[in-house]
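*Asks:*
Numbering (the numbering used here), first residue to last: 225 to 541.
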């Protein structure tokens with residue numbers, strides 16, 4: 225079959241349907257760049273398509289209410305699993321892979337990783353208790369989540385057995401969503417309960433109380449000053465405390481499987497890139513702006529991690 229990498233709009237997403245798929249990747253990027261994933265993450269997504277995956281690029285939606293975004297991703301998965309299957313059938317492509325949600329993978333970059341982590345948390349049956357353990361005012365968040373589920377009564381409220389791969393994960397707060405010179409606005413928004421919900425402290429607590437996250441991998445970058453890096457363990461206390469990557473590495477070491485993590489050379493925006501001939505053009509002219517494809521390792525590591533996560537799914541059966 226001819227493997228033509230081409231996105232088409234479907235529901236609220238962009239979809240590239242593989243003629244012989246071995247799985248489905250649902251990708252959500254970070255703020256701004258993730259709003260145009262088929263442009264800014266094109267080289268990464270094409271590499272995954274060429275490896276045999278149908279690609280769903282979920283445009284980033286900016287809001288301070290992160291629970292609603294996570295639930296909307298589940299709603300989109302439900303719609304797309306049906307619509308992609310119908311299109312594949314018309315094209316005489318195999319459709320079985322779309323019927324079983326265990327064939328679906330999640331990949332996030334930056335803030336997109338937080339939405340995936342919240343979905344993982346909701347996949348357990350103890351999420352209400354966990355929210356209350358970590359937040360004295362949890363009932364408002366619980367009501368918001370329950371309302372989201374009530375709006376889609378037939379929704380499968382779980383991504384259990386769906387592996388997730390986090391690229392430079394950023395567990396964002398209001399402070400990180402607003403430029404530093406305007407930090408006083410972030411503090412004000414938090415004080416009147418109009419800032420990011422859930423905040424970073426709550427999110428990390430939720431994750432730490434969850435028995436899940438057994439099918440999670442992390443790829444970090446050694447010069448990432450936003451999500452942090454493994455190198456932060458050698459820095460001062462404040463930098464260690466604010467490093468999402470370092471915190472997640474330490475937490476995932478305690479999981480059912482050995483830690484699936486690799487740190488690559490680069491900065492926070494390293495996953496972005498567009499191919500021109502034998503080169504990948506990034507978005508940061510001050511850091512790896514132009515790379516030879518043969519020198520770029522991210523896509524190779526992502527594919528290796530997806531294979532390992534797929535094997536772990538089978539070990540959980």
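All C-beta atoms in this analysis are idealised placements derived from N, C-alpha and C, irrespective of residue type, glycine included. Keep in mind it's a predicted model, so treat the numbers as computed, not measured.
Take every Cβ of the segment 306 to 313, pair it with every Cβ of the segment 430 to 442, and state whether three or more of those distances are shorter than 8 Å.
*Replies:* They do not touch, by the three-pair rule.
*Asks:* If you run the structure through DSSP and keep just helix, strand and coil, what is residue 492?
*Replies:* Correct three-state label for residue 492: coil.
*Asks:* List the DSSP bridge partners of residue 243.
*Replies:* Paired residue(s): none; residue 243 is not in a bridge.
*Asks:* Going along the chain, which residues of its own chain have a beta-carbon closer than 6 Å to the beta-carbon of residue 385, five neighbours each way excluded?
*Replies:* Same-chain partners within the cutoff: 326, 537.
*Asks:* Assign residue 386 to one of three DSSP states: helix, strand, or coil.
*Replies:* DSSP places residue 386 in coil when its eight states are reduced to three.
*Asks:* So residue 238 packs on residue 281, CB below 8 Å; how close in whole Å?
*Replies:* That pair is a contact at about 4 Å.
*Asks:* Please report the straight-line C-alpha distance between residue 229 and residue 269, rounded to a whole angstrom.
*Replies:* In a straight line, the C-alpha of residue 229 is about 9 Å away from that of residue 269.
*Asks:* Where does residue 233 sit, in a helix, a strand or coil, going by DSSP?
*Replies:* If DSSP states are grouped into helix, strand and coil, residue 233 belongs with the strands.
*Asks:* Based on DSSP bridge pairs, tell me the residues matched to residue 333.
*Replies:* Answer is 391, bridged to residue 333.
*Asks:* In chain order, what residues of the same chain lie with their CB nearer than 6 Å to the CB of residue 305, ignoring the 5 residues before and after it?
*Replies:* Same-chain partners within the cutoff: 322.
*Asks:* Would you mind working out which of 263, 253, 278, 265 sits nearest residue 227, comparing C-alpha positions?
*Replies:* Nearest option by C-alpha distance: 278.
*Asks:* With the cut-off set at 7 Å, would you say residue 256 and residue 496 are in Cβ contact?
*Replies:* No.
*Asks:* Rounded to the nearest angstrom, how far is the Cβ of residue 476 from that of residue 529, given a contact under 8 Å?
*Replies:* Not a contact, Cβ separation roughly 13 Å.
*Asks:* Do the CB positions of residue 361 and residue 426 come within less than 7 Å of each other?
*Replies:* Against a cut-off of 7 Å, the Cβ pair of residue 426 and residue 361 comes out as no contact.
*Asks:* Would you grab the beta carbon distance between residue 300 and residue 235 for me? Rounded to a whole angstrom, and I think it's under 8 Å.
*Replies:* Confirmed, about 6 Å.
*Asks:* Opposite residue 431 in the DSSP bridges: which residues?
*Replies:* BP columns for residue 431 are empty, so no partner.
*Asks:* Tell whether a beta-carbon distance below 7 Å holds between residue 317 and residue 504.
*Replies:* In this structure, residue 504 does not lie closer than 7 Å to residue 317 by Cβ.
*Asks:* Can you give the Cα-Cα distance for residue 287 and residue 398, rounded to whole angstroms?
*Replies:* The alpha-carbon atoms of residue 287 and residue 398 are separated by roughly 10 Å.
*Asks:* Do you know how far the Cα of residue 499 is from the Cα of residue 262?
*Replies:* So the two alpha carbons sit approximately 12 Å from each other.
*Asks:* Indicate the three-state DSSP secondary structure (helix, strand or coil) for residue 262 in the structure shown.
*Replies:* Of the three classes helix, strand and coil, the one that applies to residue 262 here is helix, per DSSP.
*Asks:* Quick check on the DSSP output: the beta strand (DSSP E) that includes residue 504 runs from which residue to which?
*Replies:* It spans 503 to 505 - the beta strand (DSSP E) in which residue 504 sits, taken as one unbroken run.
*Asks:* Taking the C-alpha atoms as reference points, what is the distance between residue 391 and residue 526?
*Replies:* Cα-Cα distance, rounded: 9 Å.
*Asks:* Does the separation of the CB atoms of residue 394 and residue 334 fall below 7 Å?
*Replies:* The answer is yes: Cβ separation under 7 Å.
*Asks:* If you scan the segment 286 to 335 from start to end, which runs of the alpha helix (DSSP H) of 4 or more residues do you find wholly inside it?
*Replies:* Counting only runs of 4 or more, we get 290 to 314, 320 to 323.
*Asks:* Roughly how many angstroms lie between the CA atoms of residue 377 and residue 368, to the nearest whole one?
*Replies:* If you take the alpha carbons of residue 377 and residue 368, they lie about 15 Å apart.
*Asks:* Within 10 angstroms of the Cβ of residue 515, are there 16 or more other Cβ atoms? Answer buried if so, exposed if not.
*Replies:* Looking at its Cβ environment, which holds 16 or more other Cβ atoms inside 10 Å, residue 515 is buried.
*Asks:* Suppose only complete runs of 4+ residues qualify. What are the alpha helix (DSSP H) ranges in the segment 446 to 494, listed by chain order?
*Replies:* Segments of the alpha helix (DSSP H) lying fully in the segment 446 to 494: 461 to 465, 468 to 476.
*Asks:* Distance, Cα to Cα, residue 342 vs residue 370?
*Replies:* Cα-Cα distance, rounded: 14 Å.
*Asks:* Quick check on this structure: which residue in 351, 283, 336 has the alpha carbon closest to the alpha carbon of residue 451?
*Replies:* That would be 336, whose Cα lies nearest to the Cα of residue 451.
*Asks:* Check the C-beta distance from residue 383 over to residue 434 and give it rounded, since I have them as a contact under 8 Å.
*Replies:* That pair is no contact at about 13 Å.
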